[in-house]
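A short worksheet on the structure shown next.
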Amino acid sequence: MNPKNLPITPLSSVKLDERQENLLSHNRLFANLLGETIFRYAGLHIYEVTEKLKEASIKYYETKNQEARKNLSSFCSDLTDVEILRVIRSFSIFAALANIAEDVYQTHEQRYAKISNKLQIGTLEKSLQNLKEKGISQEKILKAMEKVSIVPVLTAHPTQVQRKSILDLTKKLTDILDKYENVKSNQIDENKWLNDLSRGIQIWWQTAMLRATKLRVTDEISNALSYYNITFFNEIPALMNKFQEISKALGYSEMKSQALVPLTMGMWIGGDRDGNPYVTVDTLEQSAQDQAIKLFQHYFNEVQEIYRELSMSVSLSNVTQELQKLAEAAGEVSPHRTREPYRRALTTIRDRLLATAYNLCDYYRDLLPPKRENGLDIPYKLVSEFTDDLVTVAESLKKNNSEFLAKGKLTNLISATKIFGFHLATIDLRQDSSVHEVCVAELLKSANILEDYLSLSENARCEILLRELEYDPRILSDSTIPQSETLASELAIFRKTKSLRDRFGNKIIEKNLISHTTSVSDMLEIAILLKEANLAKGYNGNEFCDLQIVPLFETVEDLIAAPDILRKWFNLPLVQKWMEKNGRKQEVMLGYSDSNKDGGYLSSSWSLYKAQKELTAIGREFDVEISFFHGRGGTVGRGGGPSYEAILAQPEGSTHGTIRLTEQGEVIGAKYGNPDLGFKNLEALVSAALESCALTTEDANWEEYEQIIEEVSNLSYYAYRDLVYNTEGFSNFFFEVTPINFIAGLNIGSRPSSRKKTQTLESLRAIPWVFSWSQARIMLPGWYGVGTAFTKWIDNNDEKLEILQEMYNEWPFFKSTISNVEMVLSKSDLSIFREYVKLASDQETAQRIFKEIEKEWILTIDILKKITKKDVLLADNLELVSSLRNRLPYFDSMNYLQIELIKRSRAGDNSEELRKAIHISINGLATGLRNSG
467 MNPKNLPITP
477 LSSVKLDERQ
487 ENLLSHNRLF
497 ANLLGETIFR
507 YAGLHIYEVT
517 EKLKEASIKY
527 YETKNQEARK
537 NLSSFCSDLT
547 DVEILRVIRS
557 FSIFAALANI
567 AEDVYQTHEQ
577 RYAKISNKLQ
587 IGTLEKSLQN
597 LKEKGISQEK
607 ILKAMEKVSI
617 VPVLTAHPTQ
627 VQRKSILDLT
637 KKLTDILDKY
647 ENVKSNQIDE
657 NKWLNDLSRG
667 IQIWWQTAML
677 RATKLRVTDE
687 ISNALSYYNI
697 TFFNEIPALM
707 NKFQEISKAL
717 GYSEMKSQAL
727 VPLTMGMWIG
737 GDRDGNPYVT
747 VDTLEQSAQD
757 QAIKLFQHYF
767 NEVQEIYREL
777 SMSVSLSNVT
787 QELQKLAEAA
797 GEVSPHRTRE
807 PYRRALTTIR
817 DRLLATAYNL
827 CDYYRDLLPP
837 KRENGLDIPY
847 KLVSEFTDDL
857 VTVAESLKKN
867 NSEFLAKGKL
877 TNLISATKIF
887 GFHLATIDLR
897 QDSSVHEVCV
907 AELLKSANIL
917 EDYLSLSENA
927 RCEILLRELE
937 YDPRILSDST
947 IPQSETLASE
957 LAIFRKTKSL
967 RDRFGNKIIE
977 KNLISHTTSV
987 SDMLEIAILL
997 KEANLAKGYN
1007 GNEFCDLQIV
1017 PLFETVEDLI
1027 AAPDILRKWF
1037 NLPLVQKWME
1047 KNGRKQEVML
1057 GYSDSNKDGG
1067 YLSSSWSLYK
1077 AQKELTAIGR
1087 EFDVEISFFH
1097 GRGGTVGRGG
1107 GPSYEAILAQ
1117 PEGSTHGTIR
1127 LTEQGEVIGA
1137 KYGNPDLGFK
1147 NLEALVSAAL
1157 ESCALTTEDA
1167 NWEEYEQIIE
1177 EVSNLSYYAY
1187 RDLVYNTEGF
1197 SNFFFEVTPI
1207 NFIAGLNIGS
1217 RPSSRKKTQT
1227 LESLRAIPWV
1237 FSWSQARIML
1247 PGWYGVGTAF
1257 TKWIDNNDEK
1267 LEILQEMYNE
1277 WPFFKSTISN
1287 VEMVLSKSDL
1297 SIFREYVKLA
1307 SDQETAQRIF
1317 KEIEKEWILT
1327 IDILKKITKK
1337 DVLLADNLEL
1347 VSSLRNRLPY
1357 FDSMNYLQIE
1367 LIKRSRAGDN
1377 SEELRKAIHI
1387 SINGLATGLR
1397 NSG
């Protein structure tokens, strides 16, 4: 097929308003400043090459004529490795600059909406309006507010492609660009402002974009924690205060509103051992210590700021007796402070806080300030004691006509103590079930209980595990008996967990996740290991399980089996006793990635929906409140998409207001690298949880629609499987037409890209699977099979099409599903993917597979148009359309450059410049596409 005849992704035109014109002008400004930088440091030739490539891409989007791209391949082939390296750096930097311009635009839109009193979707005000319009009473809204508990869990995955140095530059340039309004109003000199921007871009050009060594777990911990100073420390307390103020306005007392904590933080890095041999007992301790020092430094800074503010003299203000006692506990202070009761009280607080930090931050005592001579060296035993002292300060201000002074930093710090405690974020433990069973088998054998546990049936396994838990008080491990490295490592993790909980409190580690849970024995095996560290017992009326055992269901088969596993689990008398101790709550983690890789997007989405619905029903049957932990990735292909819509699309009654979800890789930077956007994204999560929890479920009846999706999902599953797993040569096709092998060698994560050393689709992790298709601009896991499934189901029956159109308008799950397919297809480009296909050694097979993909792409676009009744993609999301139109022309050329580099590498070119250029192209495309993996 002639490339010029390939269909073009149908996007609507966008009429720009004044603010969008500003966004365009900022993009042009960045392009010009970057051009000047390229000219300065790389010379005229590289500048001209970059401009020529960019103009070809722009012309293509303006004319929609693929002839404009015709010479790009030959043009790229004329460049040397060194030239390509410099050109690809240019486009990669511009992709990041385009993100900065867009983030600043979004921030200004948010501020504009506030000023104009325009209620935005995803805000608490808009959610309250939605609920009131649906007839939900204030009483029911308040009940829902009590239940809202959102936990974003920061994770590290092989898609975090940005170096910390680049993230810092991004933050700096964002702050400068954000001051544009001050330039317009002549409050800031325009030349100075431009010079600051140019300086930042020039530094960026001369900063290495790639890590010289593979990212370590400790680096990943540091990267994740950097977002606390940027966003979380300030924005989460601010959001909590807003939430509490709304509850008071709806009728709650001060005491009741203060008890509401709608959002806390979670952490996987340092505790997630699944497939990552570099996560050990040392990294678990490191994660806890790094979190603690980050938190205490924040607390010290805030207490010091409040100390500076509250300079009131005893001769000019009154204080409460409680405040006076707190002040007197400071003992001897500077003569200048003796008549300043608030400062003396804060000195007491600081002394005790410092004593607490010395106790908990063993690794970082050299980073802590020295203790005050004769200071109160009594650590806080519980964070509530710290909170109470701060409340004493606030109450004294309120009772003495200074309530306004209690707001701001003091109120935020009080909220922060309830959110972060002394631990900052709850660290999850995760390991694969196969590791647990091997460890238990070794323990049983070494204790002379059972020679070959692994050969037992499921029932026999459960019987012996329950016997050990319920009737035998002894632990199985013996320090005098040699242990395998795996068992020693796992036992060390659980003993460290016990130690950390004793030091930091129970919230430091609360859950143990089991990857690839396929049976009840997988869950009981964890209990055996917990028993070894005195974290679980099951006999003599002293039954307890300190960590919640959380099954992770990932593949389509696992999701189908999940209800039966949970029913058997809840039927165990021992588990019933554990449930009574933990409030009859059970978390279940749903893994989006593997189910998608296994069965395609539609099948995966429906399997997850069904599993939640069935598991929620089982929870009601056993009087257990089941909550869900959503293992969402950045892309639609890994469960991504807008979080607000995704939460509202869950089965009615399945959230209870409690939701945990992973925030991974580059998505953390995109969502939380800017404090204003960070607040917006956090508020959207809380708002959606509130709406979802408050909405009545009595009238929600989607049975007819659910039956339709059941049928369509099956059709989609087989269409996807036929291509990916049943098409001869597809595995080789994937490994040859995507940059997967180069992604595996890029230093972008501590975790290996494959679970095994063999090069097979089965062993490949879902993350690089999706990441690779995104790089090749086809995004296949996010849409393939959708077109065939719906087309077959409709079968030329207009009445069936009308039903789908009704489903799209009425059913949140279906609308969210279709919208996500639209979003991922909007970033696809058949003509670019066709160039990647030319990389395959077996062109006959490759072209045959390409034609199948092209046919399905056309079919899917066509069916989306029919269901949505729109002739273009994203007709209801013009903001994303505008974003794509602004950015795609500037970095499509990176794809052509990447293809040329892959050709050279396979031809034997192994120069350092080529290696760097390939990795920078991967970096640049991931940055430009944003939710890339």
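Each number in our numbering corresponds to the 1-based position in the sequence shown with 466 added. No residue lacks a Cβ here, since even glycine has one placed at the ideal position from N, Cα and C.
On the DSSP letters alone, give me the boundaries of the beta strand (DSSP E) that residue i sits inside.
i	result
G1097	E1091 to G1097
Q1130	T1124 to Q1130
N652	From DSSP, N652 is part of no beta strand (DSSP E); its letter is neither H nor E.
S1282	Not the beta strand (DSSP E): S1282 falls in the alpha helix (DSSP H), residues P1278 to S1292.
From this set, the options, which residue's C-alpha is nearest residue i's C-alpha?
i	options	result
K829	E751, I885 and T892	Here residue 829 is Tyr; the residue named in the question, Lys, does not match the sequence. Ranking the options by Cα distance to Y829, first place goes to E751.
E1111	E720, F1279 and L1227	F1279
I1134	E487, G732, L594 and Y513	G732
L1346	P1108, A561 and S779	P1108
Q710	I880, A1083, K1331 and I1368	I880
S539	W734, N1361, E839 and I1388	N1361
W671	Q763, V617, C542 and L499	L499
E1366	R896, F1316 and L1305	L1305
K708	E861, T877 and Q763	T877
L1246	T1257, P1234 and E861	P1234
R940	E903, K911, K997 and I975	K997
E612	S1179, A1028 and C1159	C1159
K536	K1369, L1395, S1359 and A1373	S1359
L761	P473, L820, F1357 and R555	L820
I1388	N1352, N1343, Q1241 and F1316	Q1241
Is the Cβ-Cβ distance between residue i and residue j less than 8 Å?
i	j	result
E1157	L1114	yes
E908	L957	no
I524	I512	no
I1031	S899	no
L585	V1152	no
I607	L590	no
L1291	E1320	no
Y693	Y1058	no
K964	T892	no
N648	I654	yes
L1227	S1182	no
I1386	M675	yes
C928	V986	yes
For the alpha helix (DSSP H) that contains residue i, what are its first and last residues?
i	result
E1177	E1169 to V1190
L1068	Y1067 to E1087
Q1052	Taken as a continuous stretch (DSSP letters only), Q1052 belongs to no alpha helix (DSSP H), being part of the beta strand (DSSP E) at K1051 to G1057.
L510	L510 to T529
S981	Premise fails: S981 lies in the beta strand (DSSP E), K977 to S981, not in any alpha helix (DSSP H).
R961	E951 to F970
E806	It is not in any alpha helix (DSSP H) - E806 carries neither H nor E in the DSSP assignment.
R1370	L1344 to R1372
M706	F699 to A715
C928	E924 to Y937
R438	Any question about residue 438 goes unanswered here, given that the chain covers just 467 to 1399.
Buried or exposed for residue i, please, with buried defined as at least 16 other CB atoms from any protein chain shown within 10 angstroms of its CB.
i	result
F888	buried
I581	exposed
T858	buried
R810	buried
M989	buried
A562	buried
Y1191	exposed
DSSP has residue i in a bridge; who is on the other side?
i	result
C1011	A1002
P836	P836 is not bridged to any residue.
G732	V619 and T892
N1140	None, per the DSSP bridge assignment.
D898	S981
P845	Bridge partners of P845: none, in fact.
P1039	In the DSSP output, where bridge partners are listed per residue, P1039 has none listed.
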